[in-house]
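One structure is given below, encoded as structure tokens.
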Amino acid sequence: MSETFRDRDIISITDFSRAEILDLCAAGRRMEELEKSGRRNSLRDALKHRTLSYMFYEPSTRTRTSFNTGMRELGGRYDGFSGTEGTSVMKNETVRDTVTMMCANHNDVLVMRHPLDGSLQWAADVANIPVINGGDGRNEHPTQALLDVLTIYSLREGRLDGLRMGFGGDLSHGRTVRSLSLALLHFDNITVHWAAEDFLGMPPDLVDLLTKRGVKVVRDDTVRDVMRQVGFYYVTMPQLERMPGVKQRDFLAMMKQYRIDLEKIEGFDVRVLHPLPVNSEIAEIDYRVYFTPAQAFFSQAEHGIFLRKALLHEMLGHEGYHRYDGRLPNELGTGNNRLPREKRGTSQSGMFIDKIHDGTVIDHLHPGSLRAVSDSLDLENRGYSCTTATITEKPNPFIKTNLRALAERDLKRIALLSPEPTINIVLNGRIAEKFVYLLCANANCITRTINEDVPPRFYSDEGRIRCRYCRRPYVVAHRKVTPQELRAYVAELPTVIETVGYPD
Ligand code: CP
């Protein structure tokens with residue numbers, strides 16, 4: 040066992056190197072060999088006294104139970120919740136507080152699934168024990184990608200280079216295709232063929248990334264065109280819950296040409312993979328395929344046990360544990376999303392009619408957003424002044440208040456309604472601080488959920504701003520931010536996602 044995975048958070052497949060993926064595949068193969076040679080329990084004391092906590096805010100069969108099985112066969116224990124019914128999440132408890140409680144419960148590792156993108160990075164920031172991403176929104180499912188790779192590695196006798204992979208089903212709304220594609224980036228001479236409805240197709244940003252990194256991506260007209268050219272065909276279930284307004288019955292007709300049935304696989308030496316579950320109503324894989332040699336998805340699911348058992352063994356197979364002491368690091372309370380702007384002298388601009396002595400001017404609001412922003416702040420009912428104004432020759436309205444320190448929740452409320460507001464904090468009649476408040480533009484990012492209180496944080500990925508949590512790129516659109524101001528802000532950002540430090 041190496042130290043590579045000791046106590047490490049498993050958040051994104053992009054955090055793995057080629058060597059690490061291959062090491063985990065080799066470790067997974069060892070678990071497979073133990074199982075197949077009747078020595079399943081030979082590691083039964085490896086994680087004795089270790090406990091896994093599962094926190095599944097969304098349904099799961101495979102991910103949750105395979106981690107539990109891995110833990111059980113390594114002599115450890117598991118506990119947690121599957122669905123939020125019966126937990127205090129129903130009483131509006133935040134992810135931060137729920138994760139903290141699981142740490143306080145003397146667990147050694149958390150496995151979590153949550154509908155918001157970036158929620159797992161946040162859980163990892165909060166927890167003082169390692170966290171494993173069991174799926175965050177439409178973002179990532181790294182252990183699914185690892186088990187998919189392990190399945191292919193096992194079926195191809197350790198060879199991953201030169202793979203010809205087909206994708207079909209819903210390639211747009213799921214997280215498994217994204218994570219698996221990102222894992223394949225580490226291997227040479229990879230070709231991806233896909234066929235799907237336009238709105239279910241490979242996301243353009245993913246195709247761009249794959250192409251730039253040397254993967255050949257080809258869109259074919261039909262499933263049979265794909266089948267003809269690949270060794271593995273990876274199907275995914277339409278994620279209806281992520282397509283508001285689209286009805287299941289609409290899919291039934293549409294899926295006809297993409298459903299994997301006997302006619303589509305006939306004559307091809309192809310293995311059909313699926314992360315599962317199959318939607319029995321849509322039946323993206325016809326049941327008759329289940330009984331053919333092409334069916335590889337149940338073996339794939341068992342590889343989830345081998346992979347996760349191997350991963351837990353690598354992560355936790357050592358002495359010692361993290362002692363929880365009830366404290367949270369300060370950095371969990373502060374973001375790095377305030378882009379400083381030059382104050383242009385020391386006095387307030389003349390546009391701030393009825394100058395204020397102490398307070399805040401919220402400027403560069405989007406035309407038409409003024410009423411919604413002032414309603415959401417509800418300043419007067421909170422006992423503060425609120426002057427709203429639009430100056431005829433200026434495109435952007437503003438709000439002036441004697442409330443000096445807008446709370447983070449206030450700032451988020453403003454930015455959700457009018458992205459990139461300029462905040463001027465006025466002290467003794469002068470602008471003491473001026474910044475543009477940035478908020479991730481991904482509508483499903485956890486930083487945008489006000490009650491979760493996740494401080495927006497960004498990092499610089501080779502000069503490109505990305506959200507620390509969902510990792511989506513962010514482009515500053517504010518017309519007044521100068522190139523110098525932007526450069527200075529980016530220069531201050533971390534260049535990697537650094538681990539939040541907890542004292543041991
Ligand atoms: N593949 C997968 O994640 O399955 P579950 O949703 O059942 O965990």
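One point on numbering: in the numbering used here, the residue at position 82 of the sequence shown is 121, and numbering is uninterrupted. Ideal Cβ positions, reconstructed from N, Cα and C, are used throughout, including at glycine.
Identify whether Gln523 lies in helix, strand or coil by the three-state DSSP scheme. Reduced to three states, the DSSP call for Gln523 is helix.
May I ask which residues mark the beginning and end of the alpha helix (DSSP H) holding Glu302? Leu301 to Ile304
From Asn144, Met94 and Leu350, pick the residue whose C-alpha is nearest to that of Gly365; which is it? Minimum Cα distance to Gly365 is reached at Asn144.
Where Ser386 falls: helix, strand or coil (DSSP): Residue placement at Ser386 is flagged as unreliable, the pLDDT there being 46, under the threshold of 50; a coordinate-derived value is accordingly withheld.
Taking the alpha-carbon of Met282 as reference, which of Arg79, Thr139, Phe238 and Asp48 has the nearest alpha-carbon? Nearest option by C-alpha distance: Phe238.
Local Cβ density within 10 Å of Pro98, reported as buried at 16 or more and exposed below that: Under this definition Pro98 is an exposed residue.
In three-state DSSP terms, what is Glu112? helix
Start-to-end residues for the alpha helix (DSSP H) that takes in Ser158: Ser158 to Val165
Along the chain, where does the alpha helix (DSSP H) that runs through Gly343 open and close? Phe336 to Leu355
So what does DSSP say about Lys251, is it helix, strand or coil? helix
Would you give the residue range spanned by the beta strand (DSSP E) that Cys142 belongs to? No beta strand (DSSP E) holds Cys142; the alpha helix (DSSP H) holding it covers Val134 to Ala143.
So the alpha helix (DSSP H) Glu447 belongs to, where does it begin and stop? Glu447 to Leu456
Any non-hydrogen atom of ligand 1 closer than 6 Å to Leu279 Cβ: no
What residues in its chain sit with their C-beta under 7 Å from that of Ser81, if we drop five residues either side in the sequence? Leu73
If you count every other CB in all the chains shown that lies within 10 Å of the CB of Pro316, and 16 or more means buried, which is it? exposed
Exposed or buried, which one is Gly213 when buried takes at least 16 other CB atoms within 10 Å? Counting the other Cβ atoms within 10 Å of the Cβ of Gly213 gives 16 or more, which makes it buried.
Burial state of Ile430 (16 or more Cβ within 10 Å): exposed
When you compare only the Cα positions, how much space is there between Thr426 and Arg448? Distance between the alpha carbons of Thr426 and Arg448: 20 Å.
Given a threshold of 16 other Cβ atoms within 10 Å of its Cβ, counted over all protein chains shown, does Asn481 qualify as buried or as exposed? buried
In the DSSP output, what is Thr440 paired with across the bridge? Thr399
Starting from the Cα of Leu525, find the closest Cα among Cys509, Glu196 and Leu477 and give me that residue. Leu477
Should the stretch 481-494 be regarded as contacting the stretch 137-156, the criterion being three or more beta carbon pairs within less than 8 Å? yes
Residues near Asp48 by beta carbon distance below 6 Å, same chain, minus five either side: Non-local C-beta neighbours of Asp48 in its own chain, meaning closer than 6 Å and more than five positions away in sequence, comprise Ala163, Pro169 and Val170, ordered along the chain.
DSSP-derived helix/strand/coil call for Leu378: strand
Thinking just about the alpha-carbon of each residue, which of Leu113, Ile52, Gly77 and Ala58 is nearest to the one in Leu355? Leu113
Quick one: residues in its chain with C-beta nearer than 7 Å to the C-beta of Ser386, no 5 flanking neighbours on either side, listed in chain order? Confidence at Ser386 is low in this model, with a pLDDT of 46, below 50, so the placement of that residue should be treated as unreliable; the coordinate-derived value is given next. Closer than 7 Å at Cβ, skipping near neighbours: Arg469.
Kindly indicate the opening and closing residues of the beta strand (DSSP E) around Ser499. Phe497 to Asp500
For the alpha helix (DSSP H) that contains Val188, what are its first and last residues? Pro181 to Leu194
Anticipated Cβ contact below 8 Å, Gln183 with Arg507, distance rounded: Incorrect: roughly 22 Å between the Cβ atoms, too far for contact.
Since Arg503 contacts Pro512 with CB under 8 Å, what's their CB separation in whole angstroms? 6 Å
Opening and closing residue of the beta strand (DSSP E) in which Ile171 lies: Val170 to Asp175
I'd like the list of long-range same chain contacts for Asn146, defined as Cβ closer than 8 Å, with 5 residues on each side in sequence excluded. Thr90, Leu91, Ser92, Asp118 and Ile168
C-alpha distance - Gly384 paired with Val465, whole-angstrom precision: Confidence at Gly384 is low in this model, with a pLDDT of 48, below 50, so the placement of that residue is unreliable and no value is reported for it.
Continuous beta strand (DSSP E) stretch holding Leu416: start and end: Note, Leu416: premise wrong, no beta strand (DSSP E); alpha helix (DSSP H) at Leu409 to Leu416.
Cβ-Cβ distance between Val165 and Arg116 below 7 Å: no
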